[in-house]
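Q: Before we start, here is the structure in question, set down as structure tokens.
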Amino acid sequence: MSYPTSLRADLVFNYWWLAHAIDAAVDAFERTGEAEHLERAVRIHRTVRLRNGGRLVNGYFDDMMWLGGALARLGEATGEGRWLDRADRLWRFAVARGWNLRHGASLAWRRRQLDYKNAPANGPFAILGARLERLRPDGREELSRAAFDWLHVRLRDDDTGFVADGIGREGGSARDDWAFSYNHGVYIGAALALHRLRPDARLLGHASRTADDLLTRLAPGGVLVDQGAGDGALFGGIAYRHLVDLATAEGVDPASAERLRGFVSGSVDALWRSSERGGVLLAGPRWDAPPTLPATLSAELGAVLATEAAATLERRSVRDPARGTAD
């Protein structure tokens with residue numbers, strides 16, 4: 050999926066990219082209140098299911114947790130229980146097929162590699178479980194916290210807040226210390242989701258330190274570094290919602306919140322300065338330089354998610370200018 054379009058690119062099915070397209074549609078509804086955005090989210094869900102052979106499940110637990118998270122948000126936005134039902138089925142499928150004790154109690158990355166554990170599976174698993182538990186209490190909190198605890202102990206450096214990618218990718222117990230913004234983002238999101246279930250100032254502190262590491266390590270110039278043109282182009286956008294939620298959460302250190310607000314606003318402004326053409330956002334993997342063509346759906350989605358997060362930050366700041374949050 051790219052612009053300019055090509056048959057070869059459009060034939061590629063990216064399940065997890067489309068999960069984030071649902072998230073983007075829900076973001077647009079929350080910003081505008083216009084039902085057409087929810088209708089688009091439903092159409093995207095239908096497309097995912099059709100392209101996936103009529104099923105929601107696939108071979109990758111991280112993919113399913115991304116989709117489950119988007120469907121849970123869709124259910125909360127529409128008030129329709131069917132979306133929460135589908136999100137819950139995905140979460141419970143992951144528990145039944147992917148949760149195991151290898152490298153510590155946690156969720157595997159994919160069904161054919163149960164001894165590889167990573168942040169992109171366990172962070173969204175914890176976020177989805179905590180969201181569903183808040184909406185429909187049914188005993189999900191324990192495993193959601195266990196997934197977060199695994200992230201915190203096995204992948205996160207407590208001194209810096211850095212979140213590594215995973216353990217056991219090639220067998221054994223080697224850790225991949227790759228620095229990707231979405232790993233930091235899902236750690237922050239999981240900490241906040243669990244904090245909403247059971248307030249704990251320590252979770253806010255951990256999330257703030259990880260956010261600080263993200264900005265220092267991956268955005269030293271105020272804009273996220275290039276993380277690639279494929280999947281990596283979506284990584285940055287995923288982190289933004291969680292950064293905004295942290296910046297506007299009650300109890301976060303004011304200096305940390307102010308740094309996050311400045312980063313979100315400044316980097317999205319830079320994105321639009323470099324990538325806007327005639328009122329249209331055409332984004333690439335670098336947000337401080339004009340995009341190269343063809344532009345990928347992942348890069349465009351990452352830019353849309355970041356822009357929606359910046360709009361959310363503006364709305365919350367207007368509602369409560371002293372604290373920058375609507376909560």
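Taking this note's numbering, the leading residue of the sequence shown gets 50, the next gets one more, and so forth.
Don't be surprised by glycine CBs; every beta carbon is placed ideally from N, CA and C.
#1: Go to Trp336, then tell me how far its alpha helix (DSSP H) extends in each direction, as first and last residue.
#2: Looking only at its chain, what residues have a beta carbon closer than 6 Å to the beta carbon of Arg335, apart from the 5 residues adjacent to it on each side?
#3: Using 10 angstroms around the beta-carbon of Gly342, count the other beta-carbons present and answer buried if the total reaches 16, otherwise exposed.
#4: In chain order, what are the residue ranges of uninterrupted beta strand (DSSP E) at least 3 long that sit wholly in the segment 153-230?
#5: By DSSP, does Thr345 sit in helix, in strand, or in coil?
#6: Looking only at its chain, what residues have a beta carbon closer than 7 Å to the beta carbon of Ser230, apart from the 5 residues adjacent to it on each side?
#7: Below 7 Å CB to CB, which residues in the same chain sit around Gly117 once its five sequence neighbours on both sides are set aside?
#8: Express the C-alpha separation of Arg308 and Gly315 in angstroms, rounding to a whole number.
#9: Tell me the residue span of the alpha helix (DSSP H) that contains Thr259.
#10: Are Ala260 and Leu204 closer than 9 Å when you measure CB to CB?
#11: Output the distance between the C-alpha atoms of Val97 and Phe110, rounded to the nearest integer angstrom.
#12: Closer than 8 Å is the cut-off here; do at least three beta carbon pairs connect the segment 350-362 with the segment 65-77?
#13: So who's on the other strand from Ser51, going by DSSP bridges?
#14: Candidates Leu292, Leu133, Ser305: which alpha carbon is nearest Pro186's?
#15: Thinking C-beta only, is Trp66 closer than 9 Å to Asp280?
#16: Just the Cα atoms here: how many angstroms apart are Leu246 and Ser51?
#17: Using the C-alpha atoms, what's the distance from Asn171 back to Arg224?
#18: Reducing DSSP to helix, strand and coil, say where Glu325 ends up.
#19: Would DSSP call Ala375 helix, strand or coil?
#20: Mind checking which residues open and close the alpha helix (DSSP H) that includes Phe78?
#21: Please return the same chain residues whose Cβ sits closer than 6 Å to the Cβ of Arg151, not counting the five positions on each side in sequence.
#22: In three-state DSSP terms, what is Asn232?
#23: Between Phe194 and the rest of its own chain, which residues show a CB-CB distance below 7 Å, the 5 nearest in sequence each way excluded?
#24: So, is Phe329 buried or exposed, given that buried needs 16 or more other C-beta atoms within 10 angstroms?
#25: CB Asp226 to CB Ala213, shorter than 9 Å?
#26: If we ignore side chains and look at the alpha-carbon of each, how far apart do Thr209 and Gly102 end up?
#27: Pick from Ala84, Leu56, Trp321, Phe312: whose alpha carbon is nearest that of Thr265?
#28: Which residues mark the beginning and the end of the alpha helix (DSSP H) in which Thr109 is found?
#29: Using the Cα positions of Trp321 and Glu191, report the straight-line distance between them to the nearest angstrom.
#30: Check whether the Cβ atoms of Ile93 and Ala70 lie closer than 9 Å to each other.
#31: Beta-carbon separation of Pro169 and Gly215 under 9 Å?
#32: Candidates Asp318, Arg100, Ala121, Ser222: which alpha carbon is nearest Glu182's?
A: Reading from the atomic positions:
#1: No alpha helix (DSSP H) contains Trp336, which DSSP labels as neither H nor E.
#2: If we look at Arg335 and ignore the five residues flanking it on each side, its Cβ neighbours are Asp275.
#3: This sequence places Leu at residue 342; Gly is not what is there. Leu342 counts as exposed, since fewer than 16 other C-beta atoms from the protein chains shown sit within 10 angstroms of its C-beta.
#4: Scanning the segment 153-230 for uninterrupted beta strand (DSSP E) segments of 3 residues or longer gives 155-159, 162-167, listed from N- to C-terminal end.
#5: DSSP, reduced to helix, strand and coil, places Thr345 within a strand of the structure shown.
#6: Excluding sequence neighbours, Ser230 sits near Leu263, Leu267, Leu273, Gln276, Phe284, Gly285, Ala288.
#7: Here the set comprises Ala136, Leu139, Trp140, Leu177.
#8: Taking the straight line joining both Cα atoms gives about 10 Å.
#9: Looking at the DSSP string, the run of the alpha helix (DSSP H) that includes Thr259 is 250-267.
#10: No; because the gap between Cβ atoms is not below 9 Å, this pair is not in contact.
#11: Taking the straight line joining both Cα atoms gives about 15 Å.
#12: Yes, the segment 350-362 touches the segment 65-77.
#13: Under DSSP, Ser51 shares a beta bridge with Thr345.
#14: Of Leu292, Leu133, Ser305, the residue nearest in Cα terms is Leu133.
#15: Yes, these two residues count as a Cβ contact at 9 Å.
#16: Roughly 39 Å between the two C-alpha positions.
#17: Roughly 15 Å between the two C-alpha positions.
#18: Here Glu325 carries a strand assignment [DSSP, helix/strand/coil].
#19: Caution applies to Ala375, whose pLDDT of 36 falls short of 50 and renders its modelled position unreliable; the model cannot decide the point.
#20: Unbroken alpha helix (DSSP H) run through Phe78: 64-81.
#21: Once the five neighbours on either side are set aside, the close Cβ partners of Arg151 are Asp164.
#22: In the structure shown, Asn232 sits in a helix (DSSP, three-state: H, G or I).
#23: The sequence shown places Arg at residue 194, rather than the Phe named in the question. The residues are Leu243.
#24: The sequence shown places Val at residue 329, rather than the Phe named in the question. Classification for Val329: exposed.
#25: The answer is yes: Cβ separation under 9 Å.
#26: So the alpha carbons of these two residues sit roughly 43 Å apart.
#27: Selected option, being the one with the closest Cα: Phe312.
#28: Correcting the residue type first, residue 109 is Tyr in the shown sequence and not Thr. No alpha helix (DSSP H) contains Tyr109, which DSSP labels as neither H nor E.
#29: So the alpha carbons of these two residues sit roughly 42 Å apart.
#30: Ala70 sits close to Ile93, with the two beta carbons spaced by under 9 Å.
#31: Yes, they are a contact pair.
#32: The option with the nearest alpha carbon to Glu182 is Ala121.
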